[in-house]
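Novice: Residues in the sequence shown are numbered from 3 upward in steps of one, following this note's numbering.
Think of the CB as a built atom: it goes at the ideal place given N, C-alpha and C, for glycine as much as any other residue.
I'd like to ask some things about the structure below.
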Amino acid sequence: MRLIQRLIRPYVWHELPGWGRLYGAFVGDFRRDVEWRDEPRRTIRGKLHGYQLDLDLSRWSERMTYYLGRFYDLELQLLVLGLLRPGDRFIDIGANIGMITLAAASKVGETGVVDAFEPNPRCAARIRSFLEHNHIGHVRLHEMGVGDVDAELSLSVPRHNSGEGSFLPFDSTENTPDRYEQMTVPVHVADSVLEADPRPPMMIKMDVEGFECFALKGLARTIQRHLPIVATEVESAHLVRAGQTPADLCRVMEDFGYEGWVFGLRRIGLRQELDLQPIDPAASSYNALWLPTDGLARRRFEESFPNLARRPSPVAATTA
Numbered sequence: 003m004r005l006i007q008r009l010i011r012p013y014v015w016h017e018l019p020g021w022g023r024l025y026g027a028f029v030g031d032f033r034r035d036v037e038w039r040d041e042p043r044r045t046i047r048g049k050l051h052g053y054q055l056d057l058d059l060s061r062w063s064e065r066m067t068y069y070l071g072r073f074y075d076l077e078l079q080l081l082v083l084g085l086l087r088p089g090d091r092f093i094d095i096g097a098n099i100g101m102i103t104l105a106a107a108s109k110v111g112e113t114g115v116v117d118a119f120e121p122n123p124r125c126a127a128r129i130r131s132f133l134e135h136n137h138i139g140h141v142r143l144h145e146m147g148v149g150d151v152d153a154e155l156s157l158s159v160p161r162h163n164s165g166e167g168s169f170l171p172f173d174s175t176e177n178t179p180d181r182y183e184q185m186t187v188p189v190h191v192a193d194s195v196l197e198a199d200p201r202p203p204m205m206i207k208m209d210v211e212g213f214e215c216f217a218l219k220g221l222a223r224t225i226q227r228h229l230p231i232v233a234t235e236v237e238s239a240h241l242v243r244a245g246q247t248p249a250d251l252c253r254v255m256e257d258f259g260y261e262g263w264v265f266g267l268r269r270i271g272l273r274q275e276l277d278l279q280p281i282d283p284a285a286s287s288y289n290a291l292w293l294p295t296d297g298l299a300r301r302r303f304e305e306s307f308p309n310l311a312r313r314p315s316p317v318a319a320t321t322a
């Protein structure tokens, strides 16, 4: 690690104005992974949850965690940390290496539970390592994908980003052994797995790279029975590989009786706060927050984020 890369870390850690440009210039994204391949692993204590993290700096997302002291997806973490309370249940579909799982575990505590689903065995091993190292016993790791039927499917994992692993076929000219790793993994209907524990989930987070409609169908009983908050990625480039569109995903959630919002960040002075905006039906890429119109999770959201909860209900994204 060069001297300048050491010197800028405190500035980035405290997220001072312009940290992103500074980080991009001297540390960089996945295109600069090769520069970091010989860097030793580093251990930090996450500044948002307090758990120890053993990080591989040759991976762009873990490198950013090392510099920031937190996972890069701040809006999702603000949602999870602001919503959850001790004793809650949280479901993480597509947990990757467990960064959101750990944030949730820190809030629900030993009286709560986190169900983390991750089909990539390498990512699941990282989650297991974090849990063991931090003596976390209230996370259940399910080493499987989630779909609308039980099956074994081929998972394609980009070598530069394990977080983009997908059950959907990539373009044949892209899906080459030097760019993607292929593995066969089990996929199960999540309802059948989750029903072993009758506790209602407060929130479901889903990051499955275009497989959302299938995964949501496998969660239909859980969603309809308990009405949890649901957070998903909406990415047209991924959904199209399943022959679907953002409108199809919106329609699935609207059929459950949910209202959809785009969730992101807004800056208040030096602080970043969670923000909600109506879904633009023409938008092709956004983070979606799906709110039930009633129930325990809805009331919790209104208590946790009163300023956001007072906004008028949005027009349905499939009919606007």
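Comparing C-alpha positions only, which one of 241, 201, 154, 216 sits nearest to residue 117?
Specialist: Residue 201 is the option with its Cα nearest to residue 117.
Novice: Whose C-beta lies closer than 6 Å to the C-beta of residue 198 among residues of the same chain, with five residues either side of it excluded?
Specialist: none
Novice: Might you give, ordered along the chain, the residues of its own chain that have their beta carbon closer than 6 Å to the beta carbon of residue 155, omitting 5 neighbours on each side?
Specialist: 169, 189
Novice: Three Cβ pairs or more, each shorter than 8 Å: is that satisfied between the region 100 to 111 and the region 280 to 299?
Specialist: Touching, no.
Novice: From the DSSP output, read off the bridge partner residues of residue 280.
Specialist: 263
Novice: Is it buried or exposed, residue 58, if we count other Cβ atoms within 10 angstroms and call 16 or more buried?
Specialist: Residue 58 counts as buried, since no fewer than 16 other beta carbons sit within 10 angstroms of its beta carbon.
Novice: Where does residue 226 land, buried or exposed, given buried means 16+ other C-beta within 10 angstroms?
Specialist: Per the 10 Å Cβ criterion, exposed.
Novice: Give me the residue from 243, 218, 311 with the minimum Cα distance to residue 193.
Specialist: 218
Novice: List the endpoints of the continuous alpha helix (DSSP H) containing residue 67.
Specialist: Segment 62 to 70, the alpha helix (DSSP H) holding residue 67.
Novice: To the nearest whole angstrom, what separates the beta carbons of residue 1 and residue 56, a pair I think is in contact under 8 Å?
Specialist: Since the first and last residues shown for the chain are 3 and 322, residue 1 lies out of range.
Novice: Where do the N-terminal and C-terminal ends of the alpha helix (DSSP H) with residue 240 fall, by residue?
Specialist: 238 to 241
Novice: Closest to residue 16 by C-alpha separation, out of 40, 27, 237, 72, would be which residue?
Specialist: 72
Novice: In angstroms, rounded to a whole number, what distance separates the CA positions of residue 157 and residue 237?
Specialist: When the Cα atoms are used, residue 157 and residue 237 turn out to be separated by approximately 18 Å.
Novice: In the DSSP assignment, the alpha helix (DSSP H) including residue 193 goes from what residue to what residue?
Specialist: 192 to 196
Novice: For residue 273 and residue 27, what's the separation of their Cα atoms in angstroms?
Specialist: The straight-line gap from Cα to Cα measures roughly 23 Å.
Novice: With 16 other CB atoms within 10 Å as the buried threshold, where does residue 33 fall?
Specialist: Residue 33 comes out exposed.
Novice: For residue 205, count neighbouring Cβ atoms within 10 angstroms of its own Cβ and tell me buried if that reaches 16, exposed if not.
Specialist: buried
Novice: Is it true that the CB of residue 276 sits closer than 9 Å to the CB of residue 258?
Specialist: no
Novice: Say whether the region 304 to 314 touches the region 245 to 254, bearing in mind that this needs 3 or more beta-carbon pairs closer than 8 Å, one atom from each stretch.
Specialist: No, the region 304 to 314 is not in contact with the region 245 to 254.
Novice: Just the C-alpha distance for residue 242 and residue 212, rounded to the nearest angstrom, thanks.
Specialist: 8 Å
Novice: Can you find a CB in chain D that lies within less than 9 Å of the CB of residue 64?
Specialist: Among the protein chains of the structure shown there is no chain D, as only one such chain exists.
Novice: Roughly how many angstroms separate the alpha carbons of residue 323 and residue 95, rounded to a whole number?
Specialist: Beyond the ends of the chain as shown, which are 3 and 322, falls residue 323; an answer cannot be given.
Novice: Taking DSSP's pairing of strands, which residues face residue 144 in a bridge?
Specialist: 119
Novice: Spatial neighbours of residue 14 within its chain, please: C-beta separation below 7 Å, excluding the five flanking residues on both sides.
Specialist: If the five residues before and after residue 14 are omitted, its C-beta is found closer than 7 Å to the C-beta atoms of 21, 24, 25, 69, 70, all from its own chain and listed in chain order.
Novice: Over what stretch of residues does the alpha helix (DSSP H) that includes residue 223 continue unbroken?
Specialist: Membership of residue 223 in the alpha helix (DSSP H) is indicated by the continuous run 222 to 228.
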